[in-house]
Amino acid sequence: MLAFLWLTPLKFMKKMISRRNMLLGLTATAGGLAGLGAFKTFNEPGASQPDIIKKEGLSEPTGQMTYRINKNSSDKVSLLGFGCMRYPVMPGEKSPRSPNINEREAQALIDYAFAHGVNYFDTAWGYHNGASQIFTGSALKRYPRDKFFLATKMPSYLKPSLAQAKEIFATQLRNCQVEYFDYYLLHTLSTVANYQETYEREGVLDYLLEEKKQGRIRNLGWSFHGDAPMLEYVLSRDIPWDFGMIQINYHDLWHKYEPNPNIKRNTPEPAPVPWMFEKMVASGLPLIIMEPLLGGRLARLNHKAVNILQSARPQDSAAAWAFRYVAGLPNILTILSGMTYMEHLQENLQTFSPFEPLSAAEEDVLKKSLQAFINTDNIRCTTCGYCMPCPYGVDIPAVFRHHNNCLDDDLVPRGVRSAEYEEARHAYLASLARKVPELATASHCTGCGQCLPKCPQFIDIPKEMAALGKLIHGLREV
Ligand code: SF4
Ligand code: SF4
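Take the sequence shown: its letters are residues 206 to 683, numbered as in the numbering used here.
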């Protein structure tokens, strides 16, 4: 039985808002956050995907998808890949990662994506608590096996023994109803010590290489969320890796991450992104990209940044700019997007059908927009939810997302003497009350540290929580 390996459902559900509406909303409302409740979302009762397609009158680019050829396998892969970690869930579900996938709506997404040229589908052992693999397998079953590429991953974070790894792999084939995986990843490589313990000590990597020899894995690679020594180590092994999956977006490439000087970290330092990307390009490996929108943050910029982009291309969303930048980088095979709503999918299809690289002038515009958006205090949380559940009920991703959004919208009070202090204080606390249940706020973190080793971004969660708890306490005290 593999029940011990399953994750527990997360205890939160953030109302999802379309990138298009989010962008328009931010442009149209003075406070940014104030008007968001008014937008209709796909999960609302009564909203069906066909209704939304009709209502929005979106064009449907067919036969125009841009493809890239994997030089190692000659796979012709769609530049837009479908990330299967954010399927729509049933109404009333508290967590967007619940195993209770809304299969009717999720199937409509897969079918629409497939019909418009998307052929790369990326699932994983832990997505939707294991339900993603099962659903993705059954959703793709209606298509010829040689017409799509299916990727899944060995859950490194569970540190499986060799016997467990074999059982996991066999279960994955069974759950996905396939005889082979096109792309198979060692999930979330973090540190050399973890890698050696998981993949080298008991021979799990040798086993996966054997599966490749047997044809049950067509391309073997890994996803990287680690420190610099980890990347050096994995690239220096004499192993015929077929691809690498990395986190890249224009924010992380152009803006040097400076850790919060007030927080002494207990976690390793993530590899610097420009250095990491350079190493990956030099390796020659085809690259699969995750987090092109930095956990959605690059799809909801602040007013100033949005205005800069819109003055250059009024019809394009902030997300489209972010995708176009990443797609123009070298060695990119496919870019993953976790699409919960039909409007996300349609918007992304428009961006990639066909893909149009940023011109030099547009790249300058994007840099200017980033300058208007950049905030050095933000917490590098991508809201992936791997750190959950917190035994004390803290909704970690929701707390961080709320704080980052407030930073983006200039709603974090800067000092009691500033003219905007009272307004910002009120806005911050009001939005906190709306977005994070009282019992799930930073103030309830006990600093137990259970979340610490689970964060692929190496965020020192207890310390960040302590700092936010202090901030909130201060705001309430005034
Ligand atoms: S350190 Fe805080 S946020 Fe992390 S698991 Fe413990 S109580 Fe929850
Ligand atoms: S704190 Fe880390 S693990 Fe938790 S949601 Fe954010 S990025 Fe993911």
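All C-beta atoms in this analysis are idealised placements derived from N, C-alpha and C, irrespective of residue type, glycine included.
Inset, instruction - For the alpha helix (DSSP H) containing F386, list its first residue and its last residue. - result: Counting along the chain, F386 falls outside any alpha helix (DSSP H), though it belongs to the beta strand (DSSP E) covering 386-394.
Legend entry - I677 (DSSP reduced to helix, strand or coil): helix
Inset, instruction - Leaving out five residues on either side along the sequence, give the residues of the same chain with a beta carbon under 7 Å from the beta carbon of K573. - result: I513
Inset, instruction - Confirm, please, whether the CB-CB distance from D613 to L506 is below 8 Å. - result: yes
Legend entry - Which listed residue (P477, L367, F326, K659) has its alpha carbon closest to that of A356: F326
Inset, instruction - Inspect the beta-carbon positions of P192 and R518 and report whether they are closer than 8 Å. - result: Residue 192 lies beyond the range of the chain shown here (206 to 683); nothing can be said about it.
Inset, instruction - Tell me whether K572 counts as near ligand 4, meaning its Cβ is closer than 7 Å to at least one heavy atom of that ligand. - result: Ligands displayed in this structure: ligand 1 and ligand 2; ligand 4 is not among them.
Legend entry - Meets three-Cβ-pair contact criterion under 8 Å: the segment 660-674 and the segment 580-587: yes
Inset, instruction - Count the CB pairs spanning the segment 292-311 and the segment 272-279 that are closer than 8 Å, and state whether there are at least three. - result: no
Inset, instruction - Identify the continuous alpha helix (DSSP H) that holds A647 and give its terminal residues. - result: It is not in any alpha helix (DSSP H) - A647 carries neither H nor E in the DSSP assignment.
Inset, instruction - Using the DSSP secondary-structure output, state which residues sit across from K281 in a beta bridge. - result: I274
Legend entry - 8 Å contact criterion, which Q452 and E483 should meet: CB distance rounded: With a Cβ gap of about 15 Å, Q452 and E483 do not count as contacting.
Legend entry - Same chain only: Cβ atoms within 6 Å of L676, ignoring 5 sequence neighbours per side: none
Legend entry - Proximal residues to K509 (C-beta, below 7 Å), its chain only, five neighbours per side dropped: A577
Inset, instruction - Return the CA-CA distance between L378 and K417, expressed in angstroms with no decimal places. - result: 13 Å
Inset, instruction - Starting from A311, trace the alpha helix (DSSP H) both ways and give me its first and last residue. - result: 308-320
Inset, instruction - Rounded to whole angstroms, what's the CA-CA distance from L413 to C381? Just pull it up for me. - result: 17 Å
Legend entry - Integer Cβ distance of F557 from T271, believed to fall under 8 Å: 6 Å
Legend entry - Straight-line Cα distance separating F353 from A313: 16 Å
Inset, instruction - Report all residues from its chain with a CB closer than 6 Å to the CB of M290; omit the five preceding and five following residues, and keep chain order. - result: Y332, G543
Inset, instruction - Would you mind sorting S623 into buried or exposed? The rule is 16 or more other CB atoms within 10 Å of its CB. - result: exposed
Inset, instruction - Could you check the C-alpha separation between P658 and M593 for me, to the nearest Å? - result: 11 Å
Legend entry - Unbroken alpha helix (DSSP H) run spanning I373, endpoints: 367-381
Legend entry - Segments of 3+ residues assigned as beta strand (DSSP E) that fall wholly inside the segment 490-532: 492-495
Legend entry - Residue range of the alpha helix (DSSP H) that includes A635: 626-640
Inset, instruction - Return yes when at least one heavy atom of ligand 1 lies under 7 Å from the C-beta of Q655, else no. - result: yes
Inset, instruction - Return the CA-CA distance between T305 and A565, expressed in angstroms with no decimal places. - result: The residue asked about is misnamed: residue 305 is Asn in this sequence, not Thr. Looking at the two C-alpha atoms, the distance is approximately 45 Å.
Legend entry - Sequence-distant residues of the same chain with beta carbon closer than 7 Å to L673, five excluded per side: V604, H608, A647
Inset, instruction - Return yes when at least one heavy atom of ligand 2 lies under 7 Å from the C-beta of P661, else no. - result: yes
Inset, instruction - Find out if the Cβ-Cβ distance for the pair L440, S488 is shorter than 8 Å. - result: yes
Inset, instruction - Report all residues from its chain with a CB closer than 6 Å to the CB of E669; omit the five preceding and five following residues, and keep chain order. - result: I584
Inset, instruction - Please report how far the alpha carbon of A671 lies from the alpha carbon of C656, in whole angstroms. - result: 14 Å
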